[in-house]
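Under this note's numbering, the first residue of the sequence shown carries the number 2, and numbering increases by one thereafter.
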Amino acid sequence: MSTPATSLSPAELQRAAHDHLWLHFTRMGGYAESDIPIIVRGEGCYLEDAHGKRYLDALAGLFAVQIGYSYGEEIGEAAAAQMRELPFYTNWSYAHPRAIELAAEVASLAPGDLNRVFFCSGGSEAVESAWKLARQYHAARGERRWKAISRRVAYHGTTMGALSINGIAALRNPFEPLVPDVLHVRNTNRYHRPPEESEEEFTAFLLEDLESTIEAAGPGTVAMVIMEPVQNAGGALTPPEGYWAGVRDICDRHGILLCADEVITGFGRLGAWFGSERYGIRPDIVTSAKGLSSAYAAIGAVVARDAVMEPFLEGSAMYTHGITFGGHPVQAAIALANIEIMKRERIVEGVAERQDAFRATLAQLLDLPIAGDLRGTGYFYALELVKDKETRESFSPEECESLLRGYLSHALFEHGLICRADDRGDPVIQISPPLVAGQAEFDEIAGVLGDVLAEASTRLG
Ligand SMILES: Cc1ncc(COP(=O)(O)O)c(C=O)c1O
2 MSTPATSLSP
12 AELQRAAHDH
22 LWLHFTRMGG
32 YAESDIPIIV
42 RGEGCYLEDA
52 HGKRYLDALA
62 GLFAVQIGYS
72 YGEEIGEAAA
82 AQMRELPFYT
92 NWSYAHPRAI
102 ELAAEVASLA
112 PGDLNRVFFC
122 SGGSEAVESA
132 WKLARQYHAA
142 RGERRWKAIS
152 RRVAYHGTTM
162 GALSINGIAA
172 LRNPFEPLVP
182 DVLHVRNTNR
192 YHRPPEESEE
202 EFTAFLLEDL
212 ESTIEAAGPG
222 TVAMVIMEPV
232 QNAGGALTPP
242 EGYWAGVRDI
252 CDRHGILLCA
262 DEVITGFGRL
272 GAWFGSERYG
282 IRPDIVTSAK
292 GLSSAYAAIG
302 AVVARDAVME
312 PFLEGSAMYT
322 HGITFGGHPV
332 QAAIALANIE
342 IMKRERIVEG
352 VAERQDAFRA
362 TLAQLLDLPI
372 AGDLRGTGYF
382 YALELVKDKE
392 TRESFSPEEC
402 ESLLRGYLSH
412 ALFEHGLICR
422 ADDRGDPVIQ
432 ISPPLVAGQA
442 EFDEIAGVLG
452 DVLAEASTRL
462 G
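Structural data, given as structure tokens:
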């Protein structure tokens with residue numbers, strides 16, 4: 002890697018960052034006496050900071066950089082060509098070639114008749130747009146339905162609608178009153194369920210909870226059920242056998258639209274283009290962002306079944322929603338270039354081929370006394386940390402604070418590994434590398450995690 006292109010020295014960058022840059026979801030006071038990490042370049046699965054130190058990015062940006070960091074030249078060419086031809090035009094009443102081509106491409110990759118694509122700028126906007134679409138879909142058919150149902154501990158974004166959908170109370174509470182009405186149902190975390198419960202019983206238990214929540218809400222008032230194919234927050238919570246078929250059936254029986262939030266799972270992370278395909282979900286709406294452009298552009302999409310668009314195709318009907326930058330031609334050109342690279346380099350097939358090796362490598366960590374459960378699939382994993390492996394007892398909030406924030410996050414970064422120590426649910430380490438990672442990266446991830454978690458166990462006594 003060559004020297005950074007910025008004209009500011011590392012010290013000048015630090016000063017300017019401290020003086021002006023407001024970081025997202027960051028305790029800025031935590032940097033009062035210390036350096037803000039400044040990432041200046043990337044290559045493959047690796048990042049480099051302002052001091053030239055390298056990190057293995059085992060979080061793919063934020064579950065987003067599918068193709069890794071080395072395609073800037075090629076994608077930059079596509080962006081520059083689009084800039085020359087048409088730097089911007091809007092999707093408000095107009096189309097342009099890149100938005101059309103990208104919509105057709107996404108429709109061809111999405112399963113079933115998910116053929117109608119509405120672009121936006123990211124995941125929160127996609128979720129926001131999906132809820133509004135669901136409400137208006139029912140209204141266009143003469144029904145007043147407005148409620149959304151999501152799962153506890155699930156993260157779905159930060160705009161007011163998407164925030165209201167979140168199942169994480171600590172994120173919602175500061176902003177109440179929220180958008181009415183969201184009901185939260187159980188997620189698919191099985192680790193803390195009774196050990197004698199069979200998978201079939203667990204599925205029945207979850208579906209009974211969903212059904213009774215809908216009954217209590219008044220089925221005719223519920224517009225949408227929104228869930229991730231594999232839930233990220235809480236730690237890569239995979240569905241038990243029969244779960245998605247059951248959710249689909251309940252939605253069908255009550256006339257509720259099913260939205261699969263594929264902001265993370267879309268575009269290859271689970272070893273298929275969409276998680277919906279992998280699990281046979283058959284959603285009415287899919288929300289996506291992140292991997293659509295491998296995060297080389299700020300673009301998201303809502304993909305709807307033909308039937309969902311139908312009420313909007315007649316007379317004066319209109320989906321009363323729009324965003325200036327939705328379908329931005331440069332962002333669309335970048336997403337198209339990303340998909341072309343993903344196809345050419347067989348990125349999704351590569352995940353399917355290497356995912357067993359990845360799991361097997363990570364599974365070695367289960368020998369550690371602190372490592373309770375390894376969950377996930379594809380390139381999407383979480384390791385749950387426990388105080389007592391026998392009883393599966395978790396850490397107290399104070400212990401989480403000192404373990405995750407006080408030690409682990411910092412120690413992993415010091416050891417040159419970027420992954421996330423997260424306690425929005427039970428404490429987990431999230432591991433989601435770029436989809437180009439191979440055995441060398443798997444070994445490095447497991448090696449660093451093994452060392453740091455062994456040290457954490459020792460510290461905890
Ligand atoms: C499942 C899911 N939905 C929505 C979002 C929000 O996406 P964004 O941060 O692009 O607004 C995220 C972000 O991580 C997500 O994981």
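Just so it is clear, CB atoms sit at the ideal spot from N, CA and C, and this is done for glycine as well.
It should be emphasised that the depicted structure is a prediction, and the values quoted were computed from it without experimental measurement.
Separation of the CB atoms of I166 and V223 is rounded to 13 Å, and the pair is thereby denied contact status at 8 Å.
Counting only runs of 3 or more residues that sit fully inside the stretch 364 to 428, the beta strand (DSSP E) segments are 372 to 378, 381 to 386, 421 to 423, in chain order. Taking 8 Å as the cut-off, the beta carbon of V226 is found no closer than this to the beta carbon of R425. Apart from the 5 residues on each side of it in sequence, I335 sits with its Cβ closer than 7 Å to the Cβ of I76, A79, A80, S294, Y297, A298 in its chain, given in chain order. The Cβ atoms of Y320 and F313 lie closer than 8 Å to each other. I257 sits away from K291, with the two beta carbons spaced by 8 Å or more. Following the DSSP letters along the chain, one finds K148 inside the beta strand (DSSP E) bounded by residues 148 to 152. Taking 8 Å as the cut-off, the Cβ atoms of A141 and A308 do not count as close. Just measuring C-alpha positions, the residue of L115, A82, P112 sitting nearest R99 is A82.
Proximity to ligand 1 was defined by a C-beta distance below 6 Å to any of its heavy atoms, and the residues meeting it, in sequence along the chain, are L63, G123, G124, S125, V128, Y156, H157, G158, E229, N233, D262, V264, I265, A290. With a threshold of 16 other beta carbon atoms within 10 Å, Y95 falls short and is exposed. In the three-state reduction of the DSSP assignment, H97 falls in the coil class. Here DSSP, grouped into helix, strand and coil, assigns F120 to strand. The beta-carbon separation of G236 and Q431, rounded to 7 Å, stays under the 8 Å limit for a contact.
Taking C-alpha positions only, G407 is separated from I419 by approximately 16 Å. The alpha-carbon of D427 is positioned some 7 Å away from that of E385. With the rule of 3 Cβ pairs closer than 8 Å, the stretch 447 to 457 counts as touching the stretch 394 to 409. Distance from the CA atom of L413 to the CA atom of I39, rounded to whole angstroms, is 16 Å. Taken through DSSP and simplified to helix, strand or coil, Q15 comes out as helix.
Residues F443 of the same chain have their beta carbon placed closer than 6 Å to that of F359, with the five preceding and five following residues left out of the count. In this structure, the alpha-carbon of K344 lies about 12 Å from that of Q67. Exposed is the label assigned to L367, since fewer than 16 other Cβ atoms lie within 10 Å of its Cβ.
When only Cα atoms are considered, E202 and G377 end up about 20 Å apart.
Assignment of L436 by DSSP, reduced to helix, strand and coil, places it in the coil class. In its own chain, leaving out the 5 sequence neighbours on each side, no residue places its CB closer than 6 Å to the CB of M29. Under DSSP, G43 takes part in a beta bridge, and its partners are L48. For the pair A338 and E102, the Cα-to-Cα distance works out to about 11 Å. The C-alpha of V107 is placed about 33 Å away from the C-alpha of T214. Unbroken alpha helix (DSSP H) stretches of 4 residues or longer found wholly inside the stretch 264 to 348: 276 to 280, 307 to 310, 330 to 345, given in chain order.
Under the three-state reduction of DSSP output, A59 falls in the coil class, being neither helix nor strand.
The closest CA to that of K388, considering only G168, F64, D374, Y382, is found on D374. Between A234 and the set K54, E49, Y382, E394, the nearest pair of CA atoms involves Y382. Here DSSP, grouped into helix, strand and coil, assigns I37 to coil. Classified as exposed, N174 has fewer than 16 neighbouring CB atoms from the shown chains inside 10 Å of its CB.
Rounded to the nearest whole angstrom, the C-alpha separation of E394 and T27 is 29 Å.
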